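Q:
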Amino acid sequence: MTDLETQILETWRIHNRIMLFMLEHIPEEALTSTLSKRGGRDIARQLAHIHAVRAWRLESFSKKMNTPLVQFEKGESPSKEKLQQALAQSGEMMEKYLQHCLEQGGTVSNFKRGVVPMLGYYISHEAHHRGSILLTMKQSGFKLPDALKWQIWEWNKR
Numbered sequence: 000m001t002d003l004e005t006q007i008l009e010t011w012r013i014h015n016r017i018m019l020f021m022l023e024h025i026p027e028e029a030l031t032s033t034l035s036k037r038g039g040r041d042i043a044r045q046l047a048h049i050h051a052v053r054a055w056r057l058e059s060f061s062k063k064m065n066t067p068l069v070q071f072e073k074g075e076s077p078s079k080e081k082l083q084q085a086l087a088q089s090g091e092m093m094e095k096y097l098q099h100c101l102e103q104g105g106t107v108s109n110f111k112r113g114v115v116p117m118l119g120y121y122i123s124h125e126a127h128h129r130g131s132i133l134l135t136m137k138q139s140g141f142k143l144p145d146a147l148k149w150q151i152w153e154w155n156k157r
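Numbering (numbering that gives the first Met the number 0), first residue to last: 0 to 157.
1) Classify P116 as buried or exposed, calling it buried when 16 or more other Cβ atoms lie within 10 Å of its own Cβ.
2) Where do the N-terminal and C-terminal ends of the alpha helix (DSSP H) with Q6 fall, by residue?
3) Give a yes or no on whether the C-beta atoms belonging to T106 and L34 are separated by under 7 Å.
4) Using the three-state DSSP reduction, which class does D41 fall into: helix, strand or coil?
5) May I have the straight-line CA-CA distance separating E4 from K36, to the nearest angstrom?
6) Within 10 angstroms of its Cβ, does G90 collect 16 or more other Cβ (buried), or is it exposed?
7) Quick check on M0: buried or exposed, where buried means 16 or more other Cβ atoms within 10 Å of its Cβ?
8) On a CA-only basis, which of S108, Q70, S139, I151 is nearest R129? Give me that one, please.
9) Of the choices A43, L19, N109, whose alpha-carbon is the least far from that of E27?
10) So, does the stretch 74 to 81 touch the stretch 108 to 122, judging by three or more C-beta pairs under 8 Å?
11) Do you know whose CA, among E153, T66, Y121, K73, lies nearest V52's CA?
12) Taking a contact to mean a Cβ-Cβ separation below 7 Å, would you say Y96 touches F71 in this structure?
13) Does the distance from the CB of R157 to the CB of I13 come in under 7 Å?
Listed below in structure tokens is the structure:
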């Protein structure tokens, strides 16, 4: 594996650790918070959505790896424990999928621009939801722990 390939995988690992770190610092009672007045996703459902998007990408790959991914019911607001399990599992499987794509010369089925743009897409998508989750917590009256506010940006330490 080249140094660049190692860096690509490490980028995903750091990102996934930050997602799990954020979830670790969200109080269980905050998971039902939403800013939507029209039935939009609460925090738990946003996190379940992140997992579901990963699972959609990984569907055929996880079958090849004989690793069924955690599934949530449509509209389900999973517990913190279930979300931690699901995001840890799909995060590890995404890393394996990225490695597989790198071993195939960077090609990705159904993502014609390749593995690096796909990685950028997933990190951007999940960071969008991370920001939405933190804003929802703040506007719903949950004090964000200092560790959560600042350590999500410390990529050299994560």
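Where a beta carbon is used, it is the ideal one built from N, C-alpha and C, also for glycine.
Values in this document were obtained by computation on a predicted structure and should not be read as measured data.
A: Once the coordinates are examined:
1) exposed
2) 2 to 23
3) no
4) coil
5) 44 Å
6) buried
7) exposed
8) I151
9) A43
10) no
11) Y121
12) no
13) yes
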